[in-house]
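Let me begin by presenting the structure, written as structure tokens, before commenting on it.
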Amino acid sequence: MLSIRPRGSLVAVLLSSMLLVAHAQTDGVATATAAPAAPAAFSNEAPRANSDPALEKRVMSVSAELRCLVCQNQTIADSNAELAVDLRNQVRDMLREGQDERQVLDYMTARYGDFVLYRPPLKSTTVLLWFGPALLLVGGVGTLWFILYRRSRLAPEAFDPDLEADLPDDELPAPAAPVSLKKNLHDAQQRSA
Amino acid sequence: MKQLHVLLPLTLFGVVLAFLGIGLTLNPAEVPSPLIGKPAPAFALPRLDDPSKQLTRDELVGQPWVLNVWASWCGPCRTEHPLVIDIARRSGVAVFGLNYKDQPAAARAWLASLGDPYRATLVDADGGVGIDYGVYGVPETFLIDRRGVVRMKHVGPLTPEVVREKVEPLLAQLKAEV
Numbered sequence: 438m439l440s441i442r443p444r445g446s447l448v449a450v451l452l453s454s455m456l457l458v459a460h461a462q463t464d465g466v467a468t469a470t471a472a473p474a475a476p477a478a479f480s481n482e483a484p485r486a487n488s489d490p491a492l493e494k495r496v497m498s499v500s501a502e503l504r505c506l507v508c509q510n511q512t513i514a515d516s517n518a519e520l521a522v523d524l525r526n527q528v529r530d531m532l533r534e535g536q537d538e539r540q541v542l543d544y545m546t547a548r549y550g551d552f553v554l555y556r557p558p559l560k561s562t563t564v565l566l567w568f569g570p571a572l573l574l575v576g577g578v579g580t581l582w583f584i585l586y587r588r589s590r591l592a593p594e595a596f597d598p599d600l601e602a603d604l605p606d607d608e609l610p611a612p613a614a615p616v617s618l619k620k621n622l623h624d625a626q627q628r629s630a
Numbered sequence: 002m003k004q005l006h007v008l009l010p011l012t013l014f015g016v017v018l019a020f021l022g023i024g025l026t027l028n029p030a031e032v033p034s035p036l037i038g039k040p041a042p043a044f045a046l047p048r049l050d051d052p053s054k055q056l057t058r059d060e061l062v063g064q065p066w067v068l069n070v071w072a073s074w075c076g077p078c079r080t081e082h083p084l085v086i087d088i089a090r091r092s093g094v095a096v097f098g099l100n101y102k103d104q105p106a107a108a109r110a111w112l113a114s115l116g117d118p119y120r121a122t123l124v125d126a127d128g129g130v131g132i133d134y135g136v137y138g139v140p141e142t143f144l145i146d147r148r149g150v151v152r153m154k155h156v157g158p159l160t161p162e163v164v165r166e167k168v169e170p171l172l173a174q175l176k177a178e179v
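Those protein sequence lines, which keep their order, are chains U and Z. For the first sequence, our numbering begins at 438 and goes up steadily by one. For the second sequence, our numbering begins at 2 and goes up steadily by one.
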């Protein structure tokens with residue numbers, strides 16, 4: 438961190454303050470929604486010891502597609518929030534009853550909306566989400582190509598360094614630093630002498 | 002051409018600023034409910050005051066009602082409770098409680114000390130009905146019309162502003178609907 442140049446650290450400060458603002462805004466409801474330790478009798482996940490590994494693997498693979506709504510940036514496979522445990526149990530029950538992955542995802546979407554899906558469906562409201570990045574890439578490459586193309590058609594003279602006579606007065610290059618430094622030093626020495 | 006060099010970055014900056022402005026003021030904890038405009042999910046749950054009696058969703062259909070999801074372990078529920086009492090008293094609409102993953106004794110004590118605005122409180126001990134209603138944080142409040150359709154959902158504690166600007170106008174409208 439310490440070796441970051443001043444400009445870099447300014448950007449870092451800006452970015453981190455944005456993150457802080459965003460985080461502060463989620464905090465209000467997050468504290469309201471996080472379920473505190475509820476009675477132990479209700480929070481038990483179904484015992485795993487006697488369950489079969491194949492089912493457990495499917496439960497985890499479906500759970501990894503579903504967002505935990507309490508913690509939001511975790512899947513219900515990763516989270517140990519109480520709701521995530523409940524939803525994992527629900528997934529397990531549904532798979533055990535012979536329902537397939539699609540049915541489980543539909544069940545969750547009907548209750549919690551598309552937001553639970555880590556891979557949002559492609560529809561009119563998510564077009565920008567899906568194709569926005571590609572659009573930006575095409576735009577960026579297009580702009581780059583346009584600039585390079587224009588430059589390639591310029592006459593060679595366009596790349597000559599500017600002559601001082603071409604510049605208006607206020608854009609004249611400043612005198613080289615070493616000269617003025619030397620002069621300052623010289624003046625100082627004369628003064629102290 | 003010179004103007005473009007000034008205007009283009011400015012425009013891009015404006016666009017980025019607009020996106021950030023929208024993105025940073027959205028509340029990511031507020032997930033739009035897919036239940037709005039859909040029939041309230043069915044349930045048959047024991048009553049908190051008398052667990053031997055059950056109450057079903059179909060018994061409630063026929064007039065507008067409010068479903069308030071709460072638990073005695075939930076701090077913000079305590080904060081919003083006076084507002085729930087207020088809604089029940091002033092609007093004249095039946096308010097039902099859904100006691101979510103709680104212990105009945107603790108829930109009864111909670112109501113005894115804070116006041117009981119509920120026409121009836123339903124016991125959702127394992128949170129199954131909570132899942133059907135897409136509950137992911139307590140408290141949550143649902144407004145349901147006389148045909149049994151969910152019309153509004155509020156996640157998190159009610160605030161005086163939400164009650165004044167959203168809940169009360171919608172309740173008045175739901176009462177007026179035939």
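Each residue gets a CB set at the ideal place from its N, CA and C atoms; glycine is no exception. These numbers were taken from a predicted model, which means no experiment stands behind them.
- Taking C-beta separations shorter than 6 Å and ignoring five residues to either side along the sequence, the partners of Z/Pro158 in its chain run Pro77, Thr80, Glu81 and Pro140, following chain order.
- Assigned with DSSP and collapsed to three states, Z/Asp59 falls in helix.
- Residue pairing by DSSP places Z/Met153 opposite Z/Leu144 in a beta bridge.
- The beta-carbon of Z/Pro83 is placed no less than 8 Å from the nearest beta-carbon of chain U.
- Annotation for U/Asn526: no beta strand (DSSP E) segment contains it, though the alpha helix (DSSP H) segment containing it runs Glu519 to Arg533.
- The C-beta of Z/Gly128 comes closer than 8 Å to at least one C-beta of chain U.
- Residues of chain U whose Cβ lies closer than 9 Å to the Cβ of Z/Ser34 are, in chain order, Arg548, Tyr549 and Gly550.
- CA-to-CA, the gap between Z/Leu11 and Z/Gln4 works out to about 11 Å.
- Not a single C-beta of chain Z is nearer than 8 Å to the C-beta of U/Gln511.
- Here Z/Thr122 is buried. Its C-beta has 16 or more other C-beta atoms within 10 Å.
- When Cβ-Cβ separations below 8 Å define contact, Z/Ile132 makes contact with chain U.
- Contact annotation, Z/Pro35 with U/Thr546: C-beta distance approximately 7 Å; criterion of less than 8 Å satisfied.
- Secondary structure at Z/Gly15: helix, using DSSP grouped into helix, strand and coil.
- Under the Cβ criterion (8 Å, minimum of three pairs), the region 46–61 of chain Z does not count as touching the region 81–92 of chain Z.
- Under the DSSP assignment, Z/Thr122 falls outside any alpha helix (DSSP H), being part of the beta strand (DSSP E) whose first and last residues are Ala121 to Asp125.
- Using a CB distance cut-off of 8 Å, Z/Pro40 does not count as an interface residue toward chain U.
- Z/Arg109 is positioned such that its CB atom lies no closer than 8 Å to that of Z/Leu68.
- Cβ proximity to chain Z below 8 Å picks out Glu519, Leu520, Asp523, Leu524 and Gln527 from the region 517–532 of chain U.
- Near chain U, meaning a CB-to-CB distance below 7 Å, the residues of the region 9–29 of chain Z are Leu25, Asn28 and Pro29.
- In this structure the region 94–103 of chain Z does not touch the region 12–26 of chain Z; the number of beta carbon pairs closer than 8 Å is below three.
- Cβ proximity to chain Z below 7 Å picks out nothing from the region 564–587 of chain U.
- Taking 8 Å as the CB threshold, U/Val499 stays off the interface with chain Z.
- With contact defined as three or more Cβ pairs closer than 8 Å, the region 490–504 of chain U and the region 534–554 of chain U are in contact.
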